[in-house]
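In this note's numbering, the protein residues as written are 1 to 367. Where a beta carbon is used, it is the ideal one built from N, C-alpha and C, also for glycine. Worksheet: the structure to be examined is printed underneath.
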Ligand code: ADP
């Protein structure tokens with residue numbers, strides 16, 4: 001049985017803190033890597049890097065794209081179709097917009113759930129101008145019919161449409177202007193192989209390092225006309241779960257707090273106090289992360305525990321745990337995953353203030 005050293009989390013001050021945080025426009029999804037409505041509005045456009053040189057980190061990817069842009073320009077061809085995979089918030093949409101700007105073409109942004117009917121994708125394809133880019137988010141969720149319309153479009157810039165029904169049905173081919181498809185997915189493995197094979201470039205985006213995130217925080221602060229110290233930027237970067245979208249969101253919230261406190265500059269102390277108030281701890285874990293980890297320790301004796309069981313015990317949605325919380329906890333060694341379920345690690349016990357667990361007894365049968 002794990003013994004807790006410090007005060008039990010979740011924290012009893014939670015309702016009071018939540019009220020305060022609410023005044024500061026804090027959303028419960030502060031650390032979710034998904035975009036929220038506020039971020040899709042105009043201030044997001046200001047923050048997004050417009051050129052590849054302003055895109056921080058992801059060095060290997062930038063090298064490959066620089067080469068692809070130069071080659072496409074010298075041949076006066078569109079760019080190869082590009083598949084980007086990795087967790088949300090790492091800069092896939094941004095890359096697509098940058099590529100369009102660098103190539104001097106338009107970028108149409110959509111996502112697989114918005115392409116449900118065949119006419120959604122055909123409408124999009126016939127509206128393209130030569131060289132344009134289509135960005136399809138969550139491309140692994142395309143339905144079969146839409147996918148099949150995309151194959152000849154991607155390969156031969158041709159749209160095969162069926163006119164009429166039954167025996168009188170005829171297939172017509174409509175030529176399309178050459179274009180580039182940029183597909184984004186969190187799960188490259190979930191893509192069908194015929195679709196995956198049609199991408200000329202397949203690249204993974206990785207979580208950002210602390211120094212890269214610090215640069216992103218400083219760059220955004222400058223765009224938002226906010227004064228921030230180096231250590232203040234590092235403090236926000238450290239709690240951003242390797243994700244630029246979260247770094248920018250935390251910066252905005254810390255900025256609100258600093259404004260309410262009538263301070264001039266975001267310092268390390270102010271940043272830390274604000275983020276503690278928002279329940280984002282020193283390692284970038286929030287209340288739900290700690291609830292999940294505490295539940296595995298207390299109710300499942302450290303694990304292994306199945307996802308369903310964890311969801312039921314915490315009252316959280318299974319998919320949210322799997323897609324929002326778990327990737328960071330796994331990546332950073334707070335959780336490990338085996339075929340039998342999720343298990344917490346020694347690092348988790350330390351971080352949450354528990355004494356290290358006693359090693360599990362293995363039964364040795366003496367013959
Ligand atoms: P995704 O499409 O992978 O979910 P986005 O491209 O929408 O992520 O990026 C989220 C936000 O993070 C963007 O608004 C952008 O401002 C910022 N961002 C992402 N990558 C970078 C980067 N490499 N450098 C600077 N800012 C970035």
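{"Check": "Could you tell me whether any non-hydrogen atom of the ligand ADP is closer than 6 Å to the CB of residue 104?", "Outcome": "no"}
{"Check": "For the candidate residues 138, 103, 197, whose alpha-carbon lies nearest to that of residue 112?", "Outcome": "138"}
{"Check": "Among residues of its own chain, excluding the 5 on either side of residue 190, which ones have a beta-carbon nearer than 6 Å to its beta-carbon?", "Outcome": "140"}
{"Check": "At 4 residues or longer, and completely inside the segment 100-162: list those alpha helix (DSSP H) runs for me, N to C.", "Outcome": "118-126, 144-156"}
{"Check": "Taking DSSP's pairing of strands, which residues face residue 203 in a bridge?", "Outcome": "84"}
{"Check": "Around the C-beta of residue 88, are 16 or more other C-beta atoms found within 10 angstroms, so that it is buried, or is it exposed?", "Outcome": "buried"}
{"Check": "With DSSP run on the structure shown, which of helix, strand or coil describes residue 309?", "Outcome": "helix"}
{"Check": "Leaving out the 5 sequence neighbours to the left and right, which residues in its chain are closer than 6 Å to residue 85 when beta-carbon positions are compared?", "Outcome": "185, 188, 204"}
{"Check": "Here's a check: name, in chain order, each residue in its chain whose Cβ is nearer than 7 Å to the Cβ of residue 114, leaving out the five neighbours to either side.", "Outcome": "120"}
{"Check": "Considering only residues of the same chain and omitting the five flanking positions on each side of residue 25, which have a CB-CB separation below 7 Å?", "Outcome": "Any answer about residue 25 is weak, because its pLDDT of 48 lies below 50 and its placement is not dependable; what the coordinates show is given next. Contacts found: 256."}
{"Check": "Rounding to the nearest angstrom, what Cα-Cα distance links residue 47 and residue 100 in this structure?", "Outcome": "17 Å"}
{"Check": "Between which residues of its own chain and residue 267 is the CB-CB distance below 6 Å, once the five residues before and five after are set aside?", "Outcome": "229, 232"}
{"Check": "Rounded to the nearest angstrom, how far is the Cβ of residue 147 from that of residue 192, given a contact under 8 Å?", "Outcome": "7 Å"}
{"Check": "Using the Cα positions of residue 252 and residue 56, report the straight-line distance between them to the nearest angstrom.", "Outcome": "19 Å"}
{"Check": "Let's test the definition: count the other Cβ atoms within 10 Å of the Cβ of residue 334 and tell me whether it reaches 16, buried, or not, exposed.", "Outcome": "buried"}
{"Check": "Mapping DSSP to helix, strand and coil, what is residue 175?", "Outcome": "strand"}
{"Check": "Would DSSP call residue 56 helix, strand or coil?", "Outcome": "coil"}
{"Check": "From what residue to what residue does the beta strand (DSSP E) around residue 342 run?", "Outcome": "341-344"}
{"Check": "Is residue 183 helix, strand or coil by DSSP?", "Outcome": "strand"}
{"Check": "Quick check on residue 356: does DSSP put it in helix, strand or coil?", "Outcome": "coil"}
{"Check": "Does DSSP put residue 97 in a helix, in a strand, or in coil?", "Outcome": "helix"}
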